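Trainee:
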Amino acid sequence: MLTAFARFTDGRISRKTEAEELSRVLMEPEARLWVDMENPTAEELKLLETVFRFHPLAIEDATHRAQRPKLENYTHVDDACKHGYYYMVIHGPDAETFKEHLQTKELDIFFSDRYLVTVHEKPMKSVKATLERVAADTAAMMERGIDWLLYFILDHLVDDYLPILDYLEEELDGIEEEALNRPTPEVLQRIAAKKRELLDFRRNIGPQREVIAQLTRGEVAIIRENTRIYFRDVQDHLIRTVETVELYRDLIMGARDIYLSSISNHLNQIMKTLTTISVIVMPIMAVTSFFGMNFERMPAIHSPMGFWITMGVLAVVEVWVFWLAKKKGWL
Amino acid sequence: MLTAFARFTDGRISRKTEAEELSRVLMEPEARLWVDMENPTAEELKLLETVFRFHPLAIEDATHRAQRPKLENYTHVDDACKHGYYYMVIHGPDAETFKEHLQTKELDIFFSDRYLVTVHEKPMKSVKATLERVAADTAAMMERGIDWLLYFILDHLVDDYLPILDYLEEELDGIEEEALNRPTPEVLQRIAAKKRELLDFRRNIGPQREVIAQLTRGEVAIIRENTRIYFRDVQDHLIRTVETVELYRDLIMGARDIYLSSISNHLNQIMKTLTTISVIVMPIMAVTSFFGMNFERMPAIHSPMGFWITMGVLAVVEVWVFWLAKKKGWL
Amino acid sequence: MLTAFARFTDGRISRKTEAEELSRVLMEPEARLWVDMENPTAEELKLLETVFRFHPLAIEDATHRAQRPKLENYTHVDDACKHGYYYMVIHGPDAETFKEHLQTKELDIFFSDRYLVTVHEKPMKSVKATLERVAADTAAMMERGIDWLLYFILDHLVDDYLPILDYLEEELDGIEEEALNRPTPEVLQRIAAKKRELLDFRRNIGPQREVIAQLTRGEVAIIRENTRIYFRDVQDHLIRTVETVELYRDLIMGARDIYLSSISNHLNQIMKTLTTISVIVMPIMAVTSFFGMNFERMPAIHSPMGFWITMGVLAVVEVWVFWLAKKKGWL
Amino acid sequence: MLTAFARFTDGRISRKTEAEELSRVLMEPEARLWVDMENPTAEELKLLETVFRFHPLAIEDATHRAQRPKLENYTHVDDACKHGYYYMVIHGPDAETFKEHLQTKELDIFFSDRYLVTVHEKPMKSVKATLERVAADTAAMMERGIDWLLYFILDHLVDDYLPILDYLEEELDGIEEEALNRPTPEVLQRIAAKKRELLDFRRNIGPQREVIAQLTRGEVAIIRENTRIYFRDVQDHLIRTVETVELYRDLIMGARDIYLSSISNHLNQIMKTLTTISVIVMPIMAVTSFFGMNFERMPAIHSPMGFWITMGVLAVVEVWVFWLAKKKGWL
Amino acid sequence: MLTAFARFTDGRISRKTEAEELSRVLMEPEARLWVDMENPTAEELKLLETVFRFHPLAIEDATHRAQRPKLENYTHVDDACKHGYYYMVIHGPDAETFKEHLQTKELDIFFSDRYLVTVHEKPMKSVKATLERVAADTAAMMERGIDWLLYFILDHLVDDYLPILDYLEEELDGIEEEALNRPTPEVLQRIAAKKRELLDFRRNIGPQREVIAQLTRGEVAIIRENTRIYFRDVQDHLIRTVETVELYRDLIMGARDIYLSSISNHLNQIMKTLTTISVIVMPIMAVTSFFGMNFERMPAIHSPMGFWITMGVLAVVEVWVFWLAKKKGWL
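Protein chains in written order, with our numbering: chain A, 11 to 341; chain B, 11 to 341; chain C, 11 to 341; chain D, 11 to 341; chain E, 11 to 341.
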């Protein structure tokens, strides 16, 4: 699905997405254009080549998923394109599925001082929010410049990580608590899966720091000095996000320790039970076996009170054993 | 709550907090101003915008908690403000609650060569101490310059970490001792919680080193060369604090090892008890069962002394077993 | 086995591999040459010395396996050779044997702006694919330049890692699952072996990042600016590969944790079984021993219903014990 | 306690410690002075301020213990002092108490090209050795220059770590051996304590490398080029010391592994004992119980040889069980 | 033992080791000299001072063992010596004793563009091989220059590590296999000892990379550009050696994991045996005790087939128990 916003030099606004219209906008140096491609068809992707004349490598990266976050400068390497531009890969959170499987969605961005092209397979909250804002006040928003649009998208994208972090914290608390109280193999499996997800998640969002850092350092001429400070803010939130993910990664490893300790604790508990049972039953067995012996001359056997005295002694011993087990906390 | 100290060029002292008065001070290049906002109302925060004309991003950061420690230079990026200034986020210890939950309090500082604005939600010991000192001798203190005021606050702030470190050391000793002697699941939970707190604490105070380092390196023109050496001293104490927290983090991980080892030790002890009981009871059972057999022709059964001889042999065996268990340290 | 493609200045194509022909191509500055040596004989290797006049050290490295990935500039160090050239060692995946033993194959490359010499012991998919492409359209391919040929080979080589990574992921899933459900010593052995392979694999492909990075940084004059961006793409895929291998290395270490936890779980299960059996049998033993005592005067013994009442009580106790064990999840 | 050595420009030697005498020495640019303050009184410390006019911050650091190793240049920051000087904090080994508690002693040094002031609370072997040497040949030693004196002290100080390292190695061997053979909770406690000491020790001596490195890099003008190579030698010994401490830190962590493994081994041993006892006793119990049954018609019971044949069979079974346990190494 | 090779400017070869002869060689700028001191006497060491006039610190380091690998430039620091020289400490493998105890031998090298002085306590394979080669063709070898001689020695020295690495790999395989199959305390002790050796070994050879790197980077003028590429080759082999040692260090830590897992496995096995025995014996005990009761009225007791029916039921139960244990893999 294609969405386009164009502002011509004379201030005219257009939302047409035909190739000719887009080409016309690109002709005017003072015009501004934003094209968003959501789950684009092959035909729509063709526009990247025919209208924008992007480098084949960049187009290939944009059409194939699973790119690392990166910012590539195509200003000097590309003769086919008359003006300089950047190609950026950034990962936003997958806000729909993170509860089942923690993962990121890729967003590919081409930008120059005249246009912004965003390509993504699935709908992205951050792009959608910016689209709505531009739709509401196209003239003013396009006036502010392409770098400003880019800031809006990235700011939303980074903020969208927050609910995931909150969810993760709850999850971790839950896992830790279960590891402590119900250390079943299922908990172990959950810990392993969560650890894997976090390692993978960290691997995807970690390199974004460097990408955004390039935008804040003034290396990218398209980002004007007054806007740059806003990207510093995005960077700040991103660093906090990455740090929190790293903290969670450390904590999930701690959850495994809790799990192991908890199993050891349970084993101790079981062994205490077994030992206690043995200690309780053994005197009974010893005494009863004793009086099961077939010696002709044995004390107590023939005495009328023998049985009751023996039972009394046994009861006293058992009470003592119970008291001992209680005191040691084994019962 | 707003507190303000102003020294006009003519040496006049003012403690008025009205917007007009503050604006008047800011007019005079040689005047000095310190405004402290404790748990500020929306109206008070408005002053940051109307009187000081700080950058919206900085104001937003100052009004929302949970910022990473940072030092941002707004000298060149901000046209609305006629003079250069810095925005600093620093974390002081939460001296009130650290025994229940180890955490930091955020302090936001705006400073230029003319003014210092401190914003914080909860009362902070370091700010309070500096406020009292300035109240006692306003003229002299304001005379020394804004960088000096900043030093006083940061110096107190870093020193305030010391009682927390002492408390942590005691806590750690206590946890280690309990892990060794009473390895209950509660101790494990305390270790996990403490580790989490320390990781979080470290994450909040670690980046402050870089923030203070910028003040000592002469990058911030507002800090004069003669004052800079004092910030070097603050930096020194801060590094020591961070190193100590890192040491504690390593030690709390060691506490988990002690806990695990201790559980294993207890398990060994239980098993030794169980084995000992078995070894003690088994001869009795074997002998008594033996003489419980119903063979018509068995030795000892019919002999008058059979019973007593058997008992004697059993007693000897038991004494030997007890002696063996004692020697092996199992009793 | 020797394969050669040469394009003379006048556009003539030659596939002859004789030393004289090769020397003739090297004479012409505008001619282009690619010589591939697969499992070369001593005689074929001799050409490196006689025709190309490479540095003895480089030839020695190329003829002995087990070199670290590296890129060495022989432009200035070598007087015997009239033109500058580079010697490169790169490791491709061993696509044939990775299921039994994860390892890499070494590919040695000499290249200047005029020629490309590839030396490898075993057949390599990436070289083969490029050879076929050049064979299909020799003129056009040789026209594009030596750097372009190098890109083709490296691009294929890096892509060839992908099926291995997919296979590894499956393997890891399988190992994790077995560690969880069937923690036999064989699984432990597989984990140890896999970890070793991954450490070794990582050690071989990790340094390649630096090698390729040199090609993308413009340090190698032979790589033209327009081609360089393609090596950036190769670099990107390589980094992703290395990161994935590192992730797998972390996960295989996690598999060991799962294994250990799983063993502990099994031990707990065994102990629960043992304790349950003891708890079930003990009342039977106690009661039956009790009535095995030979006291002359004992209750129930002589009563006609004594036996049945005793049995009833025993049955009730056993039902209760079973219910308890069931509730605790021990059965 | 104050000790002073002064050499006036005219070669006259003085050991007077009065403030006036010291001030007089400082007046002459060619005079040389060393003042050592061991456990100085408040009055003696006053000299740092009145005679040497050191910066208040440096004096404060020197009078309060627990500074991190550091080298601070007070050449440009201090107008009150007419000449440039350095303030250095260095930690020497506590040679008296390291067997009970591994720790360092702080040595504070002020030095310029004219004087050396050493401040320390407890007597230090390295300072004492240098004092004696200067006392023996004051003229020659003072002639060599202040940097030379500094070298002597630091050289001794670093060498004084050697006996501690030797002692630590023996300790570690002892702990490892005990962890293997007698894994009692006391050993675990010793391991934890030693690890803590080593982490702390490492934290104190680690940063000294950077301090000494500054002396060898020519950043400190007071250290002449010919002397600098001697500091390189000190640096070398220091690095070796730190590396050894780091090795010991790794080894003490290994000792914990040995401890844990050793406990597991013991548990296995106990369980083997328990199982063996069970296996030995069980046949006796089974057989004797068997013949304790009250069936009217049972084989063997009434046969004259029944008892002896049964005993024979039991003996054979027991011999076999013993042989089995022996073969499996469980006895 | 002293060995010397000298080539005078006029091409004359001398192998005399007298001080006068050596001094004479050093006089001629175009003469070349190599002096090797194996286990030198105090008198021989005196030559370093009297003939070569090396710096006392360098001589001290060369006469005392246990130096870290380093390269020190004495070109500018030393006025007593008329020409610039370097002092190098390098560690070669101890090829004689590595099977008992993995360690290195120190080799001290002084070199300038005119001479090479090698000092070592024990015979070194690499020095010996170079000595023999020089003895065989002194004129040609000395002609190639001092840097070339140095290369020969270092090349051999690094290659001498290879057999040790091969031996270590075998050792590791052996230890891993034993840890898996026979986890006795002796294996644990071997693992701990090997780990310690590897940590120590790594610590000795690791810093050599930096030493050799200095030779390849063109910082040492004595190494000519054409020779430098050969040192790059030495560096390459050295890095591979260090990487392999690091791999082995990781693997030996893995061996401990295998050991621990293996012990847990054995414990499980023991517990399975114990549980199985209990399960097998318990029905026998229950049944026999049952019929040992002295109730006057009990079923089966007085029936003629009672005994045989009971035995039959017991046999069926036991077969079922055996089958169960077999199925669960506990027997």
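We put the beta carbon where it would ideally sit given N, CA and C, even for glycine.
Remember, it's a predicted structure, so these values are computed and weren't measured experimentally.
(1) Output needed in chain order: residues of the segment 246 to 262 of chain D with a Cβ under 8 Å from some Cβ in chain H.
(2) Figure out for me which residue from 37/E, 309/E, 105/E has the closest Cα to the Cα of residue 172/E.
(3) Measure from the alpha carbon of residue 339/E to the alpha carbon of each residue in 323/C, 201/C, 210/C, 276/C, then state which is nearest.
(4) Based on Cα-Cα distance, which residue from 68/B, 324/B, 125/B lies nearest to residue 152/B?
(5) With a cut-off of 7 Å, does the C-beta of residue 112/B fall near any C-beta of chain A?
(6) Determine the burial state of residue 232/E: buried for a count of at least 16 other Cβ atoms within 10 Å of its Cβ, exposed for fewer.
(7) Assign residue 228/D to one of two classes, buried (16 or more other C-beta atoms within 10 Å of its C-beta) or exposed (fewer than that).
(8) If distances are taken between C-alpha atoms only, which option among 230/C, 97/C, 53/C, 56/C comes closest to residue 239/E?
(9) State the Cα-Cα distance for the pair residue 316/B and residue 298/B, rounded to the nearest angstrom.
(10) Could you tell me the boundaries of the alpha helix (DSSP H) in which residue 264/C lies?
(11) Got a sec: is the Cβ-Cβ distance from residue 278/B to anything in chain D below 7 Å?
(12) Along the chain, which unbroken stretches of the alpha helix (DSSP H) at least 4 residues long are found entirely within the segment 143 to 199 of chain B?
(13) Mark residue 330/B as exposed unless 16 or more other C-beta atoms lie within 10 angstroms of its C-beta, in which case mark it buried.
(14) What residues match up with residue 328/D in a beta bridge as DSSP calls it?
(15) If I measure Cβ to Cβ from residue 332/C and keep anything under 6 Å in the same chain, skipping five residues before and after, which residues do I get?
(16) Counting pairs of Cβ atoms below 8 Å between the segment 34 to 53 of chain E and the segment 125 to 134 of chain E, do you hit three or more?
(17) Whole angstroms is fine: what's the gap from residue 70/D's alpha carbon to residue 119/E's?
(18) Determine the chain E residues that contact residue 305/D at a beta-carbon separation under 8 Å, and present them in chain order.
(19) Three or more C-beta pairs under 8 Å: does that hold for the segment 249 to 266 of chain A against the segment 253 to 262 of chain C?
(20) Is there contact between the segment 47 to 66 of chain B and the segment 187 to 207 of chain B, where contact requires at least three CB pairs shorter than 8 Å?
(21) I'd like the ranges of any alpha helix (DSSP H) spanning at least 4 consecutive residues and lying wholly in the segment 58 to 133 of chain B.
(22) Would you list, in chain order, the members of the segment 264 to 294 of chain D that have their beta-carbon closer than 9 Å to a beta-carbon of chain E?
(23) CA-CA distance, residue 176/A and residue 280/D?
(24) Closest to residue 20/C by CA distance: which of 13/C, 40/C, 33/C, 148/C is it?
(25) Can you tell me whether residue 37/E is buried or exposed? The criterion is at least 16 other CB atoms within 10 Å of its CB, across all chains shown.
(26) Return the CA-CA distance between residue 23/B and residue 147/B, expressed in angstroms with no decimal places.
(27) Please state whether DSSP places residue 308/B in a helix, a strand or coil.
(28) Tell me which residue opens and which closes the beta strand (DSSP E) that residue 14/A is part of.
(29) Does the beta carbon of residue 259/D fall short of 6 Å from some heavy atom of the ligand COA?
(30) By a C-beta neighbour count over all protein chains shown, 10 Å radius and 16 as the cutoff for buried, is residue 347/E buried or exposed?
(31) Residue 12/E versus chain D: which residues are under 7 Å apart at the beta carbon?
(32) Buried or exposed for residue 25/C, going by 16 or more other Cβ atoms inside 10 Å?
(33) For a contact meaning CB atoms closer than 7 Å, what does residue 202/B contact in chain A?
(34) Residue 296/A versus chain B: which residues are under 9 Å apart at the beta carbon?
(35) With respect to the beta strand (DSSP E) encompassing residue 28/C, which residues constitute its N-terminal and C-terminal limits?
(36) Nearest-angstrom Cα distance between residue 242/D and residue 251/D?
Mentor: Walking through what the data contain:
(1) Considering every chain present, this structure includes no chain H. Its protein chains are A, B, C, D and E.
(2) Numbered from its first residue, the fifth sequence carries residue 172/E at position 162. For the residues 37/E, 309/E, 105/E, the minimum Cα distance to residue 172/E belongs to 105/E.
(3) Translated into the one-based positions of the fifth sequence, residue 339/E becomes position 329. Ranking 323/C, 201/C, 210/C, 276/C by Cα distance to residue 339/E puts 276/C first.
(4) Residue numbering aside, residue 152/B sits at position 142 when the second sequence is read from its first letter. For the residues 68/B, 324/B, 125/B, the minimum Cα distance to residue 152/B belongs to 125/B.
(5) The residue given as residue 112/B occupies position 102 in the second sequence. No, its Cβ sits nowhere closer than 7 Å to a Cβ of chain A.
(6) Within the fifth sequence, residue 232/E is the residue found at index 222, counting from 1. Answer is buried; the Cβ neighbour count reaches 16.
(7) Position 218 of the fourth sequence holds residue 228/D. Exposed is the call here.
(8) On the fifth sequence, residue 239/E is found 229 positions in, with the first residue counted as 1. Closest option to residue 239/E, Cα to Cα, is 97/C.
(9) Working through the second sequence from its first residue, we reach residue 316/B at position 306. Working through the second sequence from its first residue, we reach residue 298/B at position 288. Going from the Cα of residue 316/B to the Cα of residue 298/B covers about 13 Å.
(10) Translated into positions along the third sequence, residue 264/C becomes position 254. Residues 235 to 300.
(11) Numbered from 1 along the second sequence, position 268 holds the residue referred to as residue 278/B. Yes, because at least one Cβ of chain D sits closer than 7 Å to the Cβ of residue 278/B.
(12) 148 to 153, 156 to 169, 171 to 191
(13) Locating residue 330/B in the second sequence gives position 320, where the first residue counts as 1. Flag for residue 330/B reads exposed.
(14) The residue given as residue 328/D occupies position 318 in the fourth sequence. Paired residues: none, contrary to the question.
(15) The count along the third sequence starts at 1 and reaches residue 332/C at position 322. Around residue 332/C: no qualifying Cβ.
(16) yes
(17) Translated into positions along the fourth sequence, residue 70/D becomes position 60. Translated into positions along the fifth sequence, residue 119/E becomes position 109. If I take the Cα positions, the gap works out to 48 Å.
(18) As a working mapping, residue 305/D is identified with position 295 in the fourth sequence. Neighbours of residue 305/D on chain E, chain order: 301, 310, 311, 316, 317, 320.
(19) no
(20) no
(21) 66 to 73
(22) 264, 265, 267, 268, 270, 271, 272, 274, 275, 277, 278, 281, 282, 284, 285, 288, 289, 292, 293
(23) Position 166 of the first sequence, counted from the first residue, corresponds to residue 176/A. Position 270 of the fourth sequence, counted from the first residue, corresponds to residue 280/D. Between residue 176/A and residue 280/D, the C-alpha separation is close to 48 Å.
(24) Residue 20/C sits at position 10 when you count from the first residue of the third sequence. Nearest of 13/C, 40/C, 33/C, 148/C to residue 20/C, Cα basis: 40/C.
(25) Position 27 of the fifth sequence, counting from 1, holds the residue named residue 37/E. The residue in question, residue 37/E, is exposed, as its Cβ has fewer than 16 Cβ neighbours within 10 Å.
(26) What you label residue 23/B is simply residue 13 of the second sequence in a count that begins at 1. What you label residue 147/B is simply residue 137 of the second sequence in a count that begins at 1. Distance between the alpha carbons of residue 23/B and residue 147/B: 11 Å.
(27) As a working note, residue 308/B is residue 298 in the second sequence. Of the three classes helix, strand and coil, the one that applies to residue 308/B here is coil, per DSSP.
(28) The sequence position of residue 14/A within the first sequence is 4, counting from 1. Here the beta strand (DSSP E) through residue 14/A covers 12 to 17.
(29) The ligand COA is not among the ligands present in this structure, which contains no ligands whatsoever.
(30) Given that chain E is displayed from residue 11 to residue 341, the structure contains no residue 347/E and the question cannot be resolved.
(31) As a first step, residue 12/E must be located in the fifth sequence, where it is residue number 2. What residue 12/E touches in chain D: nothing, since even the nearest Cβ is about 27 Å away.
(32) If you number the third sequence from 1, residue 25/C lands on position 15. Result: exposed.
(33) By one-based count along the second sequence, residue 202/B stands at place 192. Here the neighbours are 186, 264, 268.
(34) One-based indexing of the first sequence puts residue 296/A at position 286. Ordered by position in chain B, the residues that pass the 9 Å Cβ test against residue 296/A are 291, 294, 295, 298.
(35) As a working note, residue 28/C is residue 18 in the third sequence. Per DSSP, residue 28/C belongs to no beta strand (DSSP E) and is neither H nor E.
(36) Locating residue 242/D in the fourth sequence gives position 232, counting from the first residue. Locating residue 251/D in the fourth sequence gives position 241, counting from the first residue. Each residue's Cα considered, the two are about 14 Å apart.
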